[in-house]
């Protein structure tokens with residue numbers, strides 16, 4: 001174990017850079033902040049490269065038993081410097097990013113959530129967490145959606161990205177593949193052809209597309225769906241929060 | 001219309017104080033930030049006291065046709081000073097707060113959402129918005145829940161608090177009143193007696209209690225429910241976000 005006491009230590013500077021997309025791309029790793037996430041990473045089948053913790057965490061014997069993980073004791077000041085939250089728990093990890101696969105599995109199984117330009121990191125994270133809970137196989141971060149390795153997305157996912165498949169890229173080939181297999185691709189946009197989500201049968205295998213908070217789905221994706229679903233609104237609210245809508249749809253549609 | 005150009009103007013100072021619970025209590029009013037919320041207030045049956053806007057908003061002729069509303073032109077600097085967001089739209093209103101009624105309607109109708117110590121302002125606001133969309137009659141902010149007039153709660157409610165009844169106070173008398181009427185009171189906590197939310201019939205009239213993000217419902221409330229519901233989790237996620245869970249339950253249970 002190495003002790004680092006200065007925020008200007010080159011290692012600290014590099015970890016700090018993982019808060020940017022460019023930094024993550026260059027170093028091919030991302031930063032986890034907080035005990036729950038680090039624990040989820042250790043349980044999961046991912047390559048944990050480094051764990052950094054303040055002296056408070058020295059009690060955690062399990063850290064010392066880890067193989068192939070570099071351990072660093074850091075100061076509270078460094079923890080504050082690295083964290084995107086005002087009061088960090090004082091434990092971090094770096095994880096190897098998986099190279100972006102543009103390749104789509106030749107046979108898709110299960111239910112998949114397709115994010116079409118969803119922007120808010122909290123919404124995105126919550127949707128991945130909900131997809132996990134609903135028994136979905138994977139989530140595709142379509143072009144224009146927020147970055148999966150952003151601190152706020154990671155925080156709201158609560159480790160669910162370790163439990164299901166997470167991909168990113170253009171959605172069109174995914175939609176095409178589902179349709180080729182004969183599986184339904186559901187849009188979620190209120191248009192004249194839309195049907196109530198309660199009118200479609202539950203299924204094990206399908207794709208559900210959720211659109212951008214303000215602008216909805218992209219027209220080219222909308223044109224390719226097998227059905228568009230809407231959630232009937234009884235009160236005077238104009239719409240639902242996208243993560244809530246996704247939750248209702250995922251739990252109702254998934255067999 | 002009055003023009004205010006200095007952030008140290010006493011009116012500005014008083015408006016600024018509306019960002020605190022104490023300020024709202026003393027002045028018996030609260031602050032709305034943004035055009036959507038101000039518009040919702042004007043449509044609703046509430047007492048709009050003042051509207052403050054930057055010169056950008058002078059086009060909105062409808063403002064000048066309002067009766068009994070004091071209009072103020074303010075500077076962008078004042079707008080930034082008043083707002084809790086980094087880039088305010090430049091329009092605000094103050095609304096008279098309704099005196100806290102501890103009294104419970106002698107006959108409760110429809111479905112009500114009871115918040116048992118829910119803390120996160122975004123979650124609370126989203127839940128009120130979802131309750132509105134699901135056709136609920138009202139929401140009760142139980143003791144220990146975040147304050148309804150907080151900027152972030154107002155922002156996520158998107159004006160839904162104008163569409164349904166919003167009350168605050170101890171939840172016990174509400175639970176007692178529903179039970180007296182013979183209406184179900186559903187808790188949402190996983191315990192050995194809990195049943196799946198899919199196993200209860202839809203109803204028009206019931207109460208649904210959602211608990212604190214970390215600690216769940218208070219034991220005294222849990223002891224008084226007619227049933228506790230849980231949402232079966234298929235994946236490895238440990239739990240659902242409370243606003244997502246509330247959305248699934250509200251839309252499934254409400255006839």
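Residue numbers (my numbering), protein chains in the order written: chain A, 1 to 255; chain B, 1 to 255. Even glycine gets a Cβ: it sits at the ideal position worked out from N, Cα and C.
Original post:
Using a beta-carbon distance below 9 Å, is residue 158 of chain A in contact with chain B?
Top reply: yes
Original post:
Around the C-beta of residue 157 of chain A, are 16 or more other C-beta atoms found within 10 angstroms, so that it is buried, or is it exposed?
Top reply: buried
**OP:** Enumerate in chain order the residues of its own chain whose CB-to-CB distance from residue 126 of chain B is below 6 Å, with the five nearest sequence positions on each side excluded.
**Re:** 156, 243
Original post:
What does residue 243 of chain B reach in chain A if we use C-beta pairs closer than 9 Å?
Top reply: 126, 241, 243, 244, 247
Subject >> residue 117 of chain A (DSSP reduced to helix, strand or coil) >> reply: coil
Original post:
Is it true that the CB of residue 110 of chain B sits closer than 9 Å to the CB of residue 142 of chain B?
Top reply: no
Original post:
What whole-angstrom Cβ distance do residue 183 of chain B and residue 205 of chain B have, given they're in contact under 8 Å?
Top reply: 5 Å
**OP:** Identify each residue in the segment 185-218 of chain A for which the Cβ-Cβ distance to at least one residue of chain B is less than 8 Å, and report them in chain order.
**Re:** none
Original post:
Does residue 77 of chain B get closer than 9 Å to chain A when you measure Cβ to Cβ?
Top reply: no
Subject >> residue 175 of chain A: first and last residue of the uninterrupted beta strand (DSSP E) it sits in >> reply: Residue 175 of chain A -> not in any beta strand (DSSP E); alpha helix (DSSP H) instead, spanning 172-181.
Subject >> Top-ranked residue by Cα proximity to residue 7 of chain A, from A:81, A:22, A:106 >> reply: A:81
**OP:** Have a look at B:250, B:114, B:16, B:235 and flag the residue whose alpha-carbon is nearest the alpha-carbon of residue 132 of chain A.
**Re:** B:235
Original post:
Under 8 Å Cβ-Cβ, which residues of chain A neighbour residue 235 of chain B?
Top reply: 131, 132, 133, 134, 135, 136, 160, 163, 164
**OP:** Measuring alpha carbon to alpha carbon, tell me which of B:197, B:208, B:95 ends up nearest residue 179 of chain B.
**Re:** B:208
Original post:
From the DSSP output, which residues share a beta bridge with residue 91 of chain B?
Top reply: B:53
Original post:
Along the chain, where does the alpha helix (DSSP H) that runs through residue 197 of chain B open and close?
Top reply: Unbroken run through residue 197 of chain B: none, as it is neither H nor E.
Subject >> Per-residue DSSP class, three states only, for residue 209 of chain A >> reply: strand
Original post:
Apart from the five residues just before and just after residue 147 of chain B, which ones in its own chain have a Cβ nearer than 6 Å to its Cβ?
Top reply: 21
Subject >> Alpha-carbon spacing of residue 154 of chain A relative to residue 166 of chain A, whole angstroms >> reply: 12 Å
**OP:** List the DSSP bridge partners of residue 34 of chain B.
**Re:** Answer is none; residue 34 of chain B lacks a bridge partner.
**OP:** Could you tell me the distance, in whole angstroms, from the CA atom of residue 19 of chain A to the CA atom of residue 48 of chain B?
**Re:** 43 Å
Subject >> Three-way DSSP call (helix, strand, coil) for residue 29 of chain A in this model >> reply: strand
Original post:
So which of B:214, B:176, B:173 has the shortest CA-CA distance to residue 189 of chain B?
Top reply: B:214
Subject >> residue 86 of chain A classed as buried or exposed, judged by whether at least 16 other C-beta atoms fall within 10 angstroms >> reply: exposed
Original post:
Is the CB-CB distance between residue 70 of chain A and residue 27 of chain A below 9 Å?
Top reply: no
**OP:** For residue 91 of chain A, go through chain B and note every residue whose CB falls closer than 8 Å to its CB, in chain order.
**Re:** The premise fails here: residue 91 of chain A is roughly 18 Å from chain B at the closest Cβ pair, so nothing lies under 8 Å.
Original post:
Going by the CB atoms, is the gap between residue 187 of chain B and residue 240 of chain B shorter than 9 Å?
Top reply: no
**OP:** Mind listing the chain A neighbours of residue 141 of chain B? Cutoff is C-beta to C-beta under 7 Å, in chain order.
**Re:** Ordered by position in chain A, no residue passes the 7 Å Cβ test against residue 141 of chain B, which lies about 18 Å from the chain.
Subject >> CA nearest to the CA of residue 129 of chain A, picked from B:233, B:75, B:135, B:226 >> reply: B:233
Original post:
Does residue 178 of chain A get closer than 9 Å to chain B when you measure Cβ to Cβ?
Top reply: no
Subject >> residue 151 of chain A, DSSP secondary structure in three states >> reply: helix
Original post:
If you run the structure through DSSP and keep just helix, strand and coil, what is residue 141 of chain B?
Top reply: strand
**OP:** Please check the pair residue 46 of chain A and residue 162 of chain A, which I expect to be a contact at CB under 8 Å, by giving their CB distance rounded to whole angstroms.
**Re:** 6 Å
Original post:
Residues of chain B with a CB under 9 Å from the CB of residue 258 of chain A: which are they?
Top reply: This structure gives no information on residue 258 of chain A, because the portion of chain A shown stretches from 1 to 255.
**OP:** Pull up the distance between the alpha-carbon of residue 83 of chain A and that of residue 113 of chain A, whole angstroms please.
**Re:** 29 Å
**OP:** Put residue 255 of chain B into one of helix, strand or coil per three-state DSSP.
**Re:** coil
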